[in-house]
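Peer 1: This is the structure, below, for whatever I ask next.
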Amino acid sequence: MSTENQFIPQENNGEVIYKGHTFYILYPNSGKTIEDLLAYSAILIHAVHSTYADFTIQRLRSYKDQRMYLKPIFFLQPSADSGKYINRLIDGSVFNLNQLESILPRIEDILTRTNQLKNYTASTYEASLITKFLTQSYTRGRKYIEPIPYIFSGINYAYPGISCNFDHTEENKVFAILDLAEKEGLIQGEFYDKTHYCNKCNHGALNYRSVCPKCASSNSETQDIIHHFPCGNVGPMSDFQNEVNDHLNCPKCNKQLRHIGVDYDKPSILHTCMKCDHKFQDFEVKAKCLNCEFDNELEELIEKEIKRYSITNKGENATIFGYLPSNKEMEEIPGTVRYSLFSSMVKSEIERIRIIHSHSNLAMIYLHNSGELVSRIGGDRRRIIIKEVVSTVAQFLRPYDIIAYKNPSLMMVTMYDISQENGLLLLEEIVELLRKLLSNNVKDFEVKIEYKIQAISTKIPYKDQVESLIQGFD
Amino acid sequence: MEHFFDDYVNFILNLTPERFLRIFWFFVIFELCRYVILDLIVLLSTRLTFYLTKRKRREAYERFMFEQPFVSVIIPGKNEGKHIYKLVQSLNAQSYKNFETIVVDDGSDDDTPIIGRSMEKAGLIDMFLRNELRGGKASAANLALRFAKGKYIVHLDADCSFDFDAIEQVILPFYYNDRIGAVGGNVMVRNYKESLCTTLQCLEYYDTISVGRLISSHLGIYRIISGAFGAFRSDVMKKIQGWDIGPGLDGDITVKVRKAGYTVQFAPDAVCLTSVPNTFRKLAKQRQRWDKSLVRFRMRKHKDVFYPNKAFNWSNFLSFFENILYGFVLNFKWLFYLVDMLYNHFSQVQFIILTNFILYVIMNYFKFLVFSLFRKRKQASISYFLIYVPCMVIYFGYFLRVVRMYAHIKELIFKASYDDPWNPLKTSKHAKKLGL
Ligand SMILES: [Zn+2]
Ligand SMILES: [Zn+2]
Ligand SMILES: [Zn+2]
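Residue numbers (my numbering), protein chains in the order written: chain D, 6 to 479; chain V, 29 to 464.
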């Protein structure tokens, strides 16, 4: 330990400290939880057993905590090439600890880029997945989200940073995430390939095979049809064969077939089904799903365009400063106004109470686990529930009060011409009702709501008042 | 003109019975006796048989319905895709249901394969077999035959359509007795209103098929089962090993059935409608092919029916003899008649032609009206055809005769049928070499 150059990294119970970085070597059955690993600068997965290594890297990259999914992770002593997709999930590999020096620049680069990210929490499940693949790309200096053919993928192509979050039977949801990100303008797709999925379960593992059009069995025999010109006899090759030699003889005129194209030809072929004895010339092609065993007609397969995506400028900004789902969905809800409009309404209310000396309040209701709620209930039902929430809240307010959504978790309302104490009582009633509404509508959903009321002051700028109301919840 | 009329009346008045026979011997012997008097006698006899066998026929029908034999309907052809859908609809409407449909596409170069495949896939036909390389109609029919599972084979042309009970009617005769090896259907003209040419063919078909085959069948000399609609016993077909190379394979297969020791029946109630050539030019081409095959098959390939050997059979002999006599020899006799008249009665030839014409017109009207009583299935009213009957004299007496003579000479001298593009060259070459 005299000079840096002669420093040889030493493993101590899985831990390695080298040049100011802490490494942890992850062995099978190490007994560590993922939370235990968060503190290390980088992880080395002991990759002698590639099955273990492949599984572990996907588990770490799919972990919900950003500190883990962005962590520099390497394979140590990989025994075999794990293929393009797994190689894209790791940041490199080393064959022994002496090679740590070589990966230090990579680690430092990733850590520097990670530190550039502003800390924030995604408001929805979809947003958290979008954040995940955007930040993973950013910290690895990649401008593209590329589909990689992957044999264990349920959709035939794996997208690094996204696919590992789903079990292969549910991997089709990857497209919903990518489509949303593209709609939001964060990424821009271009055609890469086309692929097909099972109509029943959306899985991509299909066995295409030629089958009997009558019974769909793939067990069949194929024979040439022979036409003997002089006598016009036509039949399968077996009619003309004999058991003694490989000459062909015509059973109708007893002549030997001599020269193809001169005295006979083979005008077509014929398949015979070994299961139902049906004779046919055109196979039907069917695609049997290896996941659910459904035998798809080709026309009923789901065809999907696989795209390669580049990250847009907007996407890069969202990576660094945080991605908020645009409130398009919220704006369209009757009875609510935009966030910007809400602020300016507050501004005019301040003017109003300054003149008439009334009391008005701002309140907010925050639903902690709206991300879970959103990912558990789909589009139409979600809309219906939000509508109901809005009308429930509106019942308690005066007709000229306004409601706004900052994001799916955060609702803001005005409570004009009422004292703060009475406003709070009213707010408590509203929240109680919302709790009931949500727990009745979504099974096994634990409603975590916080709320706050704040009197409008004539002395503080309206923007500051709105900001202080939602501080810590936005 | 007046002068001509007076002379003509004189000519008629001077006709003693002897003189009439001397001048119009051709009409009296070959037309009146054979095609009117003999036909009428036979027709009356068929009617009598019909009443006498009523019970037998009912029993046959009951046996047939009880057995419900499986029937294979085979439809070989080239570029017939456009007709298949309509044909299959007409088959689906059949009263008899226990049959399979096998369509063979003989190397079509149009949409036929696509149409056939999709209909096979949709279950409208049971089997669609395509030969990428064209092999001719016989090979296409043989391919279908090879995979047909039915006890009876019904051979159809794709451009035909059928009365609802046609299949039932064409199978029924097999239950009359077990010597019947094949049954021919009654072919009528569907597009008879299209042109003068098709109307005349309609009248011709009435005469030569609907009535003519009823007669020849009754006499046991029925010799041609139309390719458009015929039924065959599967076991007999296996024995005679299917169709040989055409053209004229309709007639050929019938002869083969007869030579194998089976009889052939005409089923007047098994009605099939076909589209015939709509111009005289196309008709001439079609008839040349048919007429050449008379020479090729009766006089060349199957000449052995005239040999007094072990396989000799009087009805086969008569059938051929009648066919060759009326179809071939008399054609030339007609020339002889012409020479006779020009040489011996040159001064009166204009009166003879006119009288012949009148005689033929009268005969045609008589036949048409009287024979109509023996045709059960009628298309248009009899009056529709009345104005066309005189045209039949020219159609039958001149047009068809000239076409036939031309064809016979061509085939006899040049063996022209072997060069007919109707068959692929690869097969014709062999047929010519083997003298088939
Ligand atoms: Zn099968
Ligand atoms: Zn042969
Ligand atoms: Zn499936």
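By construction, the Cβ of each residue, glycine as well, lies at the ideal position given by its N, Cα and C atoms. The structure presented is a predicted model; accordingly, all values stated were derived computationally and were not measured.
Let me check understanding here. Comparing Cα to Cα, which of Ser35/D, Pro14/D, Gly19/D, Gly327/D lies closest to Gly25/D?
Peer 2: Gly25/D has its Cα closest to that of Pro14/D, out of Ser35/D, Pro14/D, Gly19/D, Gly327/D.
Peer 1: For a contact defined as C-beta to C-beta under 8 Å, what are the partners of Val99/D on chain V?
Peer 2: Chain V residues near Val99/D: none, gap ~59 Å exceeds 8 Å.
Peer 1: In three-state DSSP terms, what is Ile390/V?
Peer 2: Residue state, collapsed to three classes: helix.
Peer 1: Is it the case that the CB of Pro235/D approaches a heavy atom of ligand 2 more closely than 7 Å?
Peer 2: The answer is yes for Pro235/D.
Peer 1: Report yes or no: is there a C-beta of chain V within less than 8 Å of the C-beta of Lys291/D?
Peer 2: No, no contact with chain V.
Peer 1: What number of angstroms, rounded off, separates the C-alpha of Leu231/V from the C-alpha of Gln316/V?
Peer 2: Roughly 19 Å between the two C-alpha positions.
Peer 1: Which residues, in chain order, sit with a beta-carbon under 5 Å away from any heavy atom of ligand 1?
Peer 2: Answer in sequence order: Cys217/D, Lys219/D, Cys220/D, Ser222/D, Cys278/D, Lys280/D, Cys281/D, His283/D.
Peer 1: Rounded to the nearest angstrom, what separates Leu415/D and Ser215/D at their Cα positions?
Peer 2: Approximately 56 Å, taken between the alpha carbons.
Peer 1: For the region 235 to 250 of chain D, which residues have a beta carbon sitting closer than 8 Å to at least one beta carbon of chain V?
Peer 2: From the region 235 to 250 of chain D, only Pro235, Cys236, Gly237, Asn238, Val239, Gly240, Pro241, Asp244 have a Cβ closer than 8 Å to chain V.
Peer 1: Any contact between the region 310 to 324 of chain D and the region 144 to 156 of chain D? By contact I mean 3 or more CB pairs, one from each, below 8 Å.
Peer 2: Judged by Cβ distances under 8 Å, the region 310 to 324 of chain D makes contact with the region 144 to 156 of chain D, as three or more pairs qualify.
Peer 1: Just curious, the alpha helix (DSSP H) that Val351/D is in, first and last residue?
Peer 2: Counting along the chain, the alpha helix (DSSP H) containing Val351/D begins and ends at 344 to 361.
Peer 1: Tell me where the beta strand (DSSP E) around Glu310/D begins and ends.
Peer 2: It spans 307 to 316 - the beta strand (DSSP E) in which Glu310/D sits, taken as one unbroken run.
Peer 1: Between the Cα of Phe58/V and those of Asn107/V, Tyr388/V, Pro418/V, spot the shortest distance and give me the residue it belongs to.
Peer 2: Residue Tyr388/V is the option with its Cα nearest to Phe58/V.
Peer 1: Taking the alpha-carbon positions, what's the Lys361/V to Leu49/V distance?
Peer 2: One C-alpha to the other measures close to 16 Å.
Peer 1: For Leu72/V and Phe32/V, what's the separation of their Cα atoms in angstroms?
Peer 2: Between Leu72/V and Phe32/V, the C-alpha separation is close to 42 Å.
Peer 1: Quick one: grab the DSSP three-state call for Asn384/V.
Peer 2: Helix.
Peer 1: Could you tell me whether any non-hydrogen atom of ligand 5 is closer than 7 Å to the CB of Cys300/V?
Peer 2: As presented, the structure is devoid of ligand 5, carrying ligand 1, ligand 2 and ligand 3 as its sole ligands.
Peer 1: Please report whether the beta-carbon of Ser244/V lies at a distance below 8 Å from any beta-carbon of chain D.
Peer 2: Chain D contact via Cβ: absent.
Peer 1: Where do the N-terminal and C-terminal ends of the alpha helix (DSSP H) with Ser100/V fall, by residue?
Peer 2: From DSSP, Ser100/V is part of no alpha helix (DSSP H) but of the beta strand (DSSP E) over 99 to 105.
Peer 1: Does the distance between the C-beta of Lys460/V and the nearest non-hydrogen atom of ligand 2 fall short of 7 Å?
Peer 2: False, no ligand heavy atom lies under 7 Å from that Cβ.
Peer 1: By Cβ distance, which residues of its chain are closer than 6 Å to Lys352/D, with the 5 residues on each side in sequence left out?
Peer 2: The residues are Tyr467.
Peer 1: Distance, Cα to Cα, Pro218/D vs Phe156/V?
Peer 2: Straight-line Cα distance between these residues: approximately 12 Å.
Peer 1: Less than 8 Å between the C-beta atoms of Asn374/D and Ile423/D, yes or no?
Peer 2: Their beta carbons are not under 8 Å apart, which means Asn374/D does not touch Ile423/D by this criterion.
Peer 1: For the region 108 to 124 of chain V, enumerate the residues whose C-beta is nearer than 8 Å to any C-beta of chain A, in chain order.
Peer 2: Looking for chain A here will not work: the only protein chains present are D and V.
Peer 1: Quick one: is Glu46/V near chain D, going by C-beta distance under 8 Å?
Peer 2: Chain D, which has no Cβ nearer than 8 Å to the Cβ of Glu46/V, makes this no.
Peer 1: Relative to the C-alpha of Gly477/D, which residue among Leu94/D, Asn124/D, Asn92/D is closest?
Peer 2: Selected option, being the one with the closest Cα: Asn124/D.
Peer 1: How about Asn159/V and Leu173/V: are their beta carbons less than 8 Å apart?
Peer 2: Their beta carbons are not under 8 Å apart, which means Asn159/V does not touch Leu173/V by this criterion.
Peer 1: Any heavy atom of ligand 3 inside 7 Å of the beta-carbon of Cys188/V?
Peer 2: The answer is no for Cys188/V.
Peer 1: Quick check on Thr463/D: buried or exposed, where buried means 16 or more other Cβ atoms within 10 Å of its Cβ?
Peer 2: Thr463/D should be labelled exposed.
Peer 1: Could you tell me which chain V residues have their CB closer than 9 Å to the CB of Ile230/D, listed as they occur along the chain?
Peer 2: Within chain V, the residues near Ile230/D are Leu157, Asn159, Leu171, Arg174.
Peer 1: Return yes when the Cβ of Thr77/V is within less than 8 Å of the Cβ of Val467/V, no when it is not.
Peer 2: In the structure as shown, chain V starts at 29 and stops at 464, and residue 467/V therefore has no counterpart that could be examined.
Peer 1: Would you mind stating whether Ser227/D and Ile274/D have Cβ atoms separated by less than 8 Å?
Peer 2: The sequence given here places Thr at residue 227/D; Ser does not occur at that position. A contact, by the Cβ cut-off of 8 Å.
Peer 1: Closer than 8 Å between beta carbons: that is the criterion. Which residues of the region 127 to 147 of chain V meet it against chain D?
Peer 2: Per Cβ criterion, the list reads Gly135, Arg145.
Peer 1: Could you check whether the Cβ of Phe157/D sits closer than 7 Å to any heavy atom belonging to ligand 3?
Peer 2: No, since every heavy atom of ligand 3 falls outside the 7 Å radius drawn around the Cβ of Phe157/D.
Peer 1: If you count every other CB in all the chains shown that lies within 10 Å of the CB of Lys221/V, and 16 or more means buried, which is it?
Peer 2: Under this definition Lys221/V is an exposed residue.
Peer 1: For Met3/D, which residues of its own chain have a beta-carbon under 7 Å away from its beta-carbon, when the five flanking residues on both sides are left out?
Peer 2: With chain D covering only 6 through 479, there is no way to say anything about residue 3/D.
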